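Novice: These protein sequences, in sequence, are chains A and B.
So the first sequence is residues 1 to 148, counted in my numbering.
So the second sequence is residues 149 to 296, counted in my numbering.
All C-beta atoms in this analysis are idealised placements derived from N, C-alpha and C, irrespective of residue type, glycine included.
Remember, it's a predicted structure, so these values are computed and weren't measured experimentally.
One structure coming up, written as structure tokens, with questions to follow.
There are 2 protein chains.
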Amino acid sequence: MRCYPECMSDLLERLRGRGFRLTAQRRVVAEVLDSDHVHYTADEVLARATARLPEISRATVYNTLGELVALGEVLEVSTDGRAKRYDPNAHSAHQHLVCSRCGSIRDVRPEGDLLSALPESERFGFRISGAEVTYRGICPDCAQPGRN
Amino acid sequence: MRCYPECMSDLLERLRGRGFRLTAQRRVVAEVLDSDHVHYTADEVLARATARLPEISRATVYNTLGELVALGEVLEVSTDGRAKRYDPNAHSAHQHLVCSRCGSIRDVRPEGDLLSALPESERFGFRISGAEVTYRGICPDCAQPGRN
DNA sequence: ATCCTACATTAGACAGAGTCCAAGTCAAGA
DNA sequence: TCTTGACTTGGACTCTGTCTAATGTAGGAT
Numbered sequence: 001m002r003c004y005p006e007c008m009s010d011l012l013e014r015l016r017g018r019g020f021r022l023t024a025q026r027r028v029v030a031e032v033l034d035s036d037h038v039h040y041t042a043d044e045v046l047a048r049a050t051a052r053l054p055e056i057s058r059a060t061v062y063n064t065l066g067e068l069v070a071l072g073e074v075l076e077v078s079t080d081g082r083a084k085r086y087d088p089n090a091h092s093a094h095q096h097l098v099c100s101r102c103g104s105i106r107d108v109r110p111e112g113d114l115l116s117a118l119p120e121s122e123r124f125g126f127r128i129s130g131a132e133v134t135y136r137g138i139c140p141d142c143a144q145p146g147r148n
Numbered sequence: 149m150r151c152y153p154e155c156m157s158d159l160l161e162r163l164r165g166r167g168f169r170l171t172a173q174r175r176v177v178a179e180v181l182d183s184d185h186v187h188y189t190a191d192e193v194l195a196r197a198t199a200r201l202p203e204i205s206r207a208t209v210y211n212t213l214g215e216l217v218a219l220g221e222v223l224e225v226s227t228d229g230r231a232k233r234y235d236p237n238a239h240s241a242h243q244h245l246v247c248s249r250c251g252s253i254r255d256v257r258p259e260g261d262l263l264s265a266l267p268e269s270e271r272f273g274f275r276i277s278g279a280e281v282t283y284r285g286i287c288p289d290c291a292q293p294g295r296n
């Protein structure tokens, strides 16, 4: 199961369609996000990108991630106050389950409609555009006694 | 409506009961959190605390906020990847509605049970301890045309 | 009331995450 | 192939937050 709803490789096409230059750097960042379906931090993306393209710079990784987020191709997730993580699974609605101990993240699909759970009287005149849930818990690995 | 479920002034008593020294600095931080029911960042708390007690240091504000969080008297909220905010309303369950433009936060109470919305098949062996919702939208002030 | 001392506070150095900028590079249309 | 504007680079910079060694002080002991 390597390709989620849309392959990242399609992403490269879509980017070009939107007038983006296809550079080696952007290709590598997209490949890293595609390679595992994992929520990397920018620095983790940089490390993996560097392995494929040693000259790539930190600024470019941040720029590219920012562009992908702006295009709606990738989701930015900040579950703790620390580094943001990038979620390549932007094309199917989901929420996140994060391990309070190690910080790992799983995509989950809760039942019900979050938006309709917020009554009009609780909206305070806001024009509401969306909602995110973060479930917190301990992952099986961290729960295992003999491990840290 | 100055005092929510429990007044911060009670907090000082509770702190002393738990063996905390009552210092001018801690008192001032608690007062700032109590004064408006607003979700300040640490730096905003520092600024307001400095107005009352000019010698107070950044480290102390961070320390005190950390202690209040550890005691469960204050909630730490990080809605964007930027500065954490501190929510003095820790004694009644609620969620947050944040303005995508200016970052301001309101407490809201959605209906329904978040935890039960996540079926067993979507828990991946995690021992789940809680869930938070962040509703996003544009606040009335930011939606107003003539304002920025 | 004063003394003691363990706990608090302070200033400033440090660290991690992210942004910005001027200079150099290169994708892709002409 | 040439040209040019968009892209990339490295390094400086900002913002949050943490740590530390030196100094101060709350509050129990005397």
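1) Thinking C-alpha only, which one of 126/A, 96/A and 83/A is nearest residue 249/B?
2) Tell me residue 283/B's beta-bridge partners as DSSP assigns them.
3) Mind pulling the chain B residues with CB within less than 9 Å of residue 139/A?
4) Could you give the first and the last residue of the continuous beta strand (DSSP E) run that contains residue 75/A?
5) Suppose you measure from the CA of residue 144/B to the CA of residue 42/A; what does that come to, to the nearest Å?
6) Quick check on DSSP: helix, strand or coil for residue 254/B?
7) Rounded to whole angstroms, what is the Cα-Cα separation between residue 172/B and residue 44/A?
8) Whose CA, out of 85/A, 18/A, 132/A and 11/A, lies closest to the CA of residue 28/A?
9) Quick one: is residue 162/B buried, meaning 16 or more other Cβ sit within 10 Å of its Cβ, or exposed?
10) Terminal residues of the continuous beta strand (DSSP E) containing residue 233/B?
11) For the alpha helix (DSSP H) containing residue 61/A, name the first residue and the last one.
12) In terms of alpha-carbon separation, which member of 195/B, 219/B, 289/B and 254/B lies closest to residue 167/B?
13) So what does residue 41/A bridge to, in DSSP terms?
14) Under the three-state reduction of DSSP, which class applies to residue 240/B: helix, strand or coil?
15) In terms of residues, what are the limits of the alpha helix (DSSP H) holding residue 140/A?
16) Buried or exposed: where does residue 117/A fall if 16 or more other Cβ atoms within 10 Å of its Cβ makes it buried?
Specialist: For this structure:
1) Closest in C-alpha terms to residue 249/B, from the list 126/A, 96/A and 83/A, comes 126/A.
2) For residue 283/B, the pairing in a beta bridge is given by DSSP as 131/A and 245/B.
3) Within chain B, the residues near residue 139/A are 272, 273, 274 and 275.
4) Counting along the chain, the beta strand (DSSP E) containing residue 75/A begins and ends at 75–77.
5) Residue 144/B is absent from the structure shown; chain B starts at 149 and stops at 296.
6) In the three-state reduction of the DSSP assignment, residue 254/B falls in the strand class, which pools E and B.
7) Approximately 43 Å, taken between the alpha carbons.
8) It is 11/A whose Cα lies nearest to the Cα of residue 28/A.
9) By the 10 Å Cβ count, residue 162/B comes out exposed.
10) Counting along the chain, the unbroken beta strand (DSSP E) around residue 233/B starts and ends at 233–235.
11) From DSSP, the alpha helix (DSSP H) with residue 61/A extends over 58–70.
12) Residue 219/B is the option with its Cα nearest to residue 167/B.
13) Here residue 41/A is bridged, per DSSP, to 85/A.
14) Residue 240/B falls in the coil class under three-state DSSP.
15) Looking at the DSSP string, the run of the alpha helix (DSSP H) that includes residue 140/A is 140–143.
16) Residue 117/A is buried by the Cβ-count criterion.
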